[in-house]
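Numbering (our numbering), first residue to last: 9 to 272.
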């Protein structure tokens, strides 16, 4: 089934998820939507995020997608159930449950650290998801306000990024965390610095990778896998699209071509 897969985020971070999907599922077409008109979601109410997410999924469904990936931790936390119930005709998955499952497996009973935006950490979504899997595991959240600006300013591999990683990882190490979740879709681009700060004994869990794996399993389950014919990806933005063009090729690892602006 060569219908595309919809992937959306409030901005650029979801490209990390799109990139993993393209790597693991090269026969699939992607329609990526960046809600740049309303970014950052962390400054929005949960009701607003639910409204934005529903409007985006409505747009993606109008484009004929066969599945949707909510490639935003905050949207996954507060809007996934809303959109999944509203659009039951297609599978819709977020990034939190796949990431939590991998973290529990990697932590071996030790505490799990979660690096995320202030909004995602306050939502408690990872704590809830991990508690459903193993209520005995302690979860330590750490807000990382410096990380997203570093990624979007092209400083992912800078000394400044490494210093920020040491700052944010230190409290997690003090709690004895055996695994650290990259709880924002921007953070895989900082993985090298985060791993350096954490040390090799701590497993870094990338929900983007785990979500791509989960998506592949869903496509197989419903027998809706693509066959690789006419694989052309599409990119949309609700507001400023310059950043998507400038950084998209770097983040995805290939030229993303043009971006179409769409109001939602």
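Heads up, the beta-carbon is just placed ideally off N, CA and C, and yes, glycines get one too. This one's a predicted model, so the numbers in the text were calculated from it and none came from an experiment.
{"query": "What's the call for residue 93, buried or exposed, on a 16-neighbour Cβ count within 10 Å?", "result": "exposed"}
{"query": "Please go through the same chain and pick out, in chain order, the residues whose beta-carbon is closer than 6 Å to the beta-carbon of residue 268, but skip the five residues on each side of it.", "result": "244"}
{"query": "Which of the three DSSP states is assigned to residue 44 in this structure?", "result": "coil"}
{"query": "Quick check on the burial criterion: 16 or more other C-beta atoms within 10 angstroms. Buried or exposed for residue 28?", "result": "buried"}
{"query": "From the DSSP output, which residues share a beta bridge with residue 17?", "result": "42"}
{"query": "Nearest to residue 145 by alpha carbon, out of 102, 183, 65?", "result": "183"}
{"query": "In chain order, what are the residue ranges of uninterrupted alpha helix (DSSP H) at least 4 long that sit wholly in the segment 112 to 177?", "result": "126 to 131, 133 to 141, 155 to 160"}
{"query": "Leaving out five residues on either side along the sequence, give the residues of the same chain with a beta carbon under 8 Å from the beta carbon of residue 50.", "result": "82, 125, 126, 127, 128"}
{"query": "What's the gap between the Cα of residue 48 and the Cα of residue 238?", "result": "34 Å"}
{"query": "Give every residue of the same chain whose Cβ lies closer than 7 Å to the Cβ of residue 247, excluding the five residues on either side of it in the sequence, and list them in chain order.", "result": "44, 45"}
{"query": "Give the secondary structure of residue 199 by DSSP, where H, G and I count as helix, E and B as strand, and everything else as coil.", "result": "helix"}
{"query": "Report the partner residues of residue 244 according to the DSSP bridge assignment.", "result": "41, 268"}
{"query": "Leaving aside the five residues before and after residue 138 along the sequence, list all residues of the same chain whose C-beta is less than 8 Å from its C-beta, in chain order.", "result": "108, 111, 112, 120, 145, 147"}
{"query": "Which stretch, first to last residue, makes up the beta strand (DSSP E) that contains residue 211?", "result": "211 to 213"}
{"query": "For residue 76, which residues does DSSP report across the bridge?", "result": "14, 100"}
{"query": "Starting from residue 33, trace the beta strand (DSSP E) in both directions and tell me its first and last residue.", "result": "Where residue 33 is concerned, there is no enclosing beta strand (DSSP E), given that its DSSP letter is neither H nor E."}
{"query": "Count the other CB atoms within 10 Å of the CB of residue 55; is the residue buried (16 or more) or exposed (fewer)?", "result": "exposed"}
{"query": "Starting from residue 187 and walking both ways along the beta strand (DSSP E), at which residues does that stretch end?", "result": "187 to 190"}
{"query": "Tell me whether residue 250 is buried or exposed, calling it buried when 16 or more other Cβ atoms sit within 10 Å of its Cβ.", "result": "exposed"}
{"query": "Does DSSP put residue 230 in a helix, a strand or coil?", "result": "coil"}
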